[in-house]
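> Chains as they are written, first to last, in my numbering: chain D, 70 to 676; chain Y, 1100 to 1479. All residues carry an ideal CB built from backbone N, CA and C; glycine is no exception.
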């Protein structure tokens, strides 16, 4: 019989997470933990049980955190272990920080054949800031290429422990996993809190379920959450019915309440995740806490891009799809915009490039949409000469004149790489207007480079360049680091003197010429000849910096004998006319939509 | 009553030229009644069934045109026999124009005399070029001088009108090659020249060779230059354009049969894949000679498909075809929007100003080069 309202003794609870790089085996280890604790039997085991979304499964990466409650017995005593899974990508570092805040300890999981990667290091620093106890673990010790001695030394150097304290497991075979769980019990501090205080629980994840509405995952700090009380979100002040409280074991299992230190879920009867945001503090409406838990931050888009349906009649489908995605994605924002070149679409704000890619992929996959996105841009703060200030999220809104200072967002970037490639990577960072902040040898052949880089330079093919210059060996992590004043200009592309909005870009003044030349020559290839000469210009304001010409077409007549097959001739003409209808008019110039798409799809070469 | 013409398609060639995508076959034995030897009988059957479908009154043919393929690959007596069947069942108007296409190498004095005596009075030779290297790229079998010989023989046999077809823009052809071909054509003494730009059609051997990089792709600017050269050279020699791709010495030398196609007249096309038009209805025959013969053996017309173009389609066709003619398109055939475009086209130098003032849209030289673009504008 299940005991009612008897909470687990906080002394028997351990809340922990796993910090690891993509492919270093975090999900496999989580799967193995479910198995050895008897929660999921081997035959019911879907590989990577905890990753639920298709995209996650296909790419083998975790985007949204999931959590699970594991029963474990050590030294004859029963414990409850809460494994809180963390997202693994920089775009979601805020969500990572909230997941970490729900834990007392972290397993630092590193591939014994590859060593630590930049993202892992960044998350490790985040965990140390949150005062988490770190258990260093090398995974994949069964691999022939594993170098446990080398990487144990590296880990020990980074966290300042003895190499002998680094545990060794194989998530694949299960070797060392039971011992690791015992060590979690021994090393990770148990949660503490005031059971009699008004309830305070940290929302560390919030997901939309089409049947149940929003499901929040919480860690109770003080008091207890029960279905008898309405819950209150402290950032919004809104109270909601508490429809259900429970734990993930690993399937959702209802409980009458959750007590101090416990991790579980609450269904607050709301429809959108923005009504129950990650990082917010949940309390009771009848007995509300006075102070929220610290650390709440409203998610702020860092990258903007226009999303347009390739088939203009799909616009309503795209709007509905974005509405639906937003139910489950509190960070996604969008508003309608229109473009001469691309028709009607939406200006969307994202946390970062991966977030953008995921949203686009979900729109295309789940809603069967064919989309074109404009080149992504960051958010600029422009101070005008008269002291006014505007925020620019779209090159179209760039002020025409009287600009005082321009500020662009910068990031603290960390690159981990083999020493052989240091020169090449420093050259890349230099080209991308980076400022070197530090260099640290993790071991004889691995270096950590620290740079301050403009975010705008990273959202163009930086990562691809980094990978190709280091044969895939470099890893990158970055976090927002404020803004810097920069000499930026807006480059417009004009066809016959008419600006083409989709191609306008904000670039550094030293790169304006390269961008303009590349775009103009690309368009010259893509735009069909017209009855008149069409100049293509790249301009900063009224100053033309690059120019190309599309010569006038001289022959557009079918000089061939089709005899009495008039039907064929007419069909050919109708096809041509249909093609013409699909042309977008830029002034008098007819441009096929395919030309816009082709020009936007490849990253402009600016160096 | 609208003028009526007869077209007879002969779907055979000695070999297929690399650029050709017409409905033609090189095997002499296609079987099932589709073979060359039985062809005249098979077509005669279609002509009889066609005549029967008219009931009591059938139109008299103002023009008859044998095209291909290579009609002269059939014995001249077969062509004459087919013409006799047309004469018997439909009747030929006095002064009817009776044309056959021919390859220069597929005729001799005797066959030409047989054709002339059998009632043919116009012949059209596929000369294409006077340059051996151009003929080689086109896979043509004749030598450069052969076309002139053939024209001379046709004149000697008594043909009143002789045409040569030329092709420009072949990979490897220069402006001077083209001028030489034009001068050679003029020197044969023909009274009509058709000049077509080489079109690279998908699926042809030529398209494959260009794709493989063996030959350069024809360039539109070059084709424009060649067209201008053709118009200048032919005009200087006393020819006058009367359709975008056709020049004639005088009104009598124009191809009356082709003009039927371009002026919304009626015609019946016999043979595999041939197209017909009667009183607003278009239809076309099955393409393969064997399927064609089998349908006729089953005592039915070998029709493959038909359409009744809507009034909108017909208006489009009228502009599409009429605008290509020297006689031009009546301004009244255009919509209000089309007339506004036409006025703009006059200002752009695409339509002749004086003719437009007289109520007709007539292309200028630069207008002829952009005729399709103008048709699209006028019919928007």
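Please classify residue 1286 of chain Y: is it buried, with 16 or more other beta-carbons within 10 angstroms of its beta-carbon, or exposed?
When all chains shown are included, residue 1286 of chain Y counts as exposed.
> Where residue 1448 of chain Y and residue 1455 of chain Y are concerned, what is the direct C-alpha to C-alpha distance, given to the nearest angstrom?
Their Cα atoms are separated by approximately 11 angstroms.
> Shorter than 8 angstroms from the beta carbon of residue 632 of chain D to some beta carbon of chain Y?
Output row for residue 632 of chain D: interface = yes.
> In chain D, which residues lie less than 7 angstroms from residue 1412 of chain Y when you measure between Cβ atoms?
Under the 7 angstroms cutoff, chain D gives 639.
> Name the two residues that bound the continuous beta strand (DSSP E) containing residue 369 of chain D.
No beta strand (DSSP E) contains residue 369 of chain D, which DSSP labels as neither H nor E.
> If you drop the 5 nearest sequence neighbours on each side, which residues of the same chain put their C-beta closer than 6 angstroms to that of residue 350 of chain D?
Taken in chain order, the residues that qualify are 269, 303, 361 and 362.
> Using the DSSP secondary-structure output, state which residues sit across from residue 519 of chain D in a beta bridge.
DSSP lists D:483 and D:507 as partners of residue 519 of chain D.
> Looking at C-alpha atoms only, which residue of Y:1174, Y:1289 and Y:1355 is the closest neighbour of residue 1253 of chain Y?
If we check each option's Cα against that of residue 1253 of chain Y, Y:1289 comes out closest.
> Do you know whose CA, among Y:1293, Y:1384, Y:1310 and Y:1403, lies nearest residue 1341 of chain Y's CA?
Here the closest residue by C-alpha is Y:1293.
> Is the Cβ-Cβ distance between residue 1478 of chain Y and residue 1420 of chain Y less than 8 angstroms?
Not a contact, by the Cβ cut-off of 8 angstroms.
> In three-state terms, what does DSSP make of residue 1366 of chain Y?
It is a strand residue.
> Nearest CA to the CA of residue 273 of chain D: which residue from D:399, D:312, D:582 and D:279?
With distances taken between Cα atoms, residue 273 of chain D lies closest to D:399.
> Quick check for students: name the residue ranges of the beta strand (DSSP E) that lie wholly in the segment 584-634 of chain D, counting only runs of 3 or more.
Listed in chain order, the complete beta strand (DSSP E) runs (minimum 3 residues) inside the segment 584-634 of chain D are 603-609 and 612-619.
> Among the candidates D:321, D:330, D:311 and D:356, whose CA atom is the shortest distance from the CA of residue 338 of chain D?
Out of D:321, D:330, D:311 and D:356, D:311 has the C-alpha closest to the C-alpha of residue 338 of chain D.
> Using a Cβ-Cβ cutoff of less than 6 angstroms, which residues in the same chain neighbour residue 232 of chain D once the five nearest sequence positions on both sides are dropped?
Same-chain partners within the cutoff: 221, 222 and 225.
> Could you work out which residue in D:489, D:567 and D:576 is closest to residue 501 of chain D when comparing CA atoms only?
With distances taken between Cα atoms, residue 501 of chain D lies closest to D:576.
> Closer than 7 angstroms by beta-carbon distance: list the chain D residues that pair up with residue 1166 of chain Y, in chain order.
Residues of chain D passing the Cβ test: 632.
> Hey, quick one: how far does the beta strand (DSSP E) through residue 498 of chain D stretch, first residue to last?
Premise fails: residue 498 of chain D lies in the alpha helix (DSSP H), 491-500, not in any beta strand (DSSP E).
> Residues of chain Y with CB closer than 7 angstroms to the CB of residue 167 of chain D, please, in chain order.
Near residue 167 of chain D there are no residues of chain Y at all, since even the closest Cβ is about 58 angstroms away, more than 7 angstroms.
> Which residues in chain Y have a C-beta closer than 9 angstroms to the C-beta of residue 593 of chain D? List them in chain order.
Ordered by position in chain Y, no residue passes the 9 angstroms Cβ test against residue 593 of chain D, which lies about 15 angstroms from the chain.
> State the beta-bridge partners of residue 322 of chain D as determined by DSSP.
According to DSSP, residue 322 of chain D bridges with D:316.
> Is residue 280 of chain D helix, strand or coil when you go by DSSP?
DSSP places residue 280 of chain D in coil when its eight states are reduced to three.
> If we count the other Cβ atoms within 10 Å of its Cβ and call it buried at 16 or more, is residue 510 of chain D buried or exposed?
The residue is exposed, with fewer than 16 neighbouring Cβ atoms inside 10 Å.
> Suppose the cutoff is 6 angstroms on Cβ atoms and the five residues either side in sequence are ignored; what does the same chain contact list for residue 1219 of chain Y look like?
Hits under 6 angstroms: 1197 and 1199.
> Any beta carbon from chain D within less than 8 angstroms of residue 1298 of chain Y's own beta carbon?
Closer than 8 angstroms: yes.
> So which residues of chain Y does residue 677 of chain D contact, with C-beta pairs closer than 7 angstroms?
There is no way to answer for residue 677 of chain D, as the model of chain D reaches only from 70 to 676.
> Would you kindly report the start and end of the unbroken beta strand (DSSP E) that includes residue 217 of chain D?
That residue, residue 217 of chain D, is in no beta strand (DSSP E); its alpha helix (DSSP H) goes 217-228.
> Within the chosen definition, does the segment 325-333 of chain D reach the segment 276-294 of chain D through at least 3 CB pairs nearer than 8 angstroms?
The segment 325-333 of chain D, when compared against the segment 276-294 of chain D, does touch it at the 8 angstroms Cβ threshold.
> With distance defined between alpha-carbon atoms, name the residue in D:617, D:260, D:552 and D:284 nearest to residue 596 of chain D.
Looking at the Cα atoms, D:617 is the closest of the given residues.
> Which residues in chain Y sit within 7 angstroms of residue 428 of chain D, going by Cβ to Cβ distance?
Going along chain Y, no residue has its Cβ under 7 angstroms from residue 428 of chain D, so there is no contact; the nearest lies around 39 angstroms.
> Let me confirm a value: residue 459 of chain D is counted as buried when at least 16 other C-beta atoms fall within 10 Å, else exposed. Which label applies?
Answer is exposed; the Cβ neighbour count stays below 16.
> Rounding to the nearest angstrom, what Cα-Cα distance links residue 1108 of chain Y and residue 1446 of chain Y in this structure?
Roughly 43 angstroms separates the two Cα atoms.
> To the nearest angstrom, how far is the alpha carbon of residue 1119 of chain Y from that of residue 652 of chain D?
The alpha-carbon atoms of residue 1119 of chain Y and residue 652 of chain D are separated by roughly 32 angstroms.
> Tell me, to the nearest whole angstrom, how far the beta carbon of residue 328 of chain D is from that of residue 77 of chain D; I am working on the premise that it is less than 8 angstroms.
Sure, about 7 angstroms apart at Cβ, within 8 angstroms.
> Note down, one range per segment and in chain order, each beta strand (DSSP E) of at least 3 residues found wholly within the segment 1286-1347 of chain Y.
Qualifying beta strand (DSSP E) stretches, in chain order: 1291-1296, 1339-1342 and 1345-1347.
> 8 angstroms is my cut-off, CB to CB: does residue 655 of chain D come that close to chain Y?
With 8 angstroms as the cut-off, residue 655 of chain D does not count as an interface residue toward chain Y.
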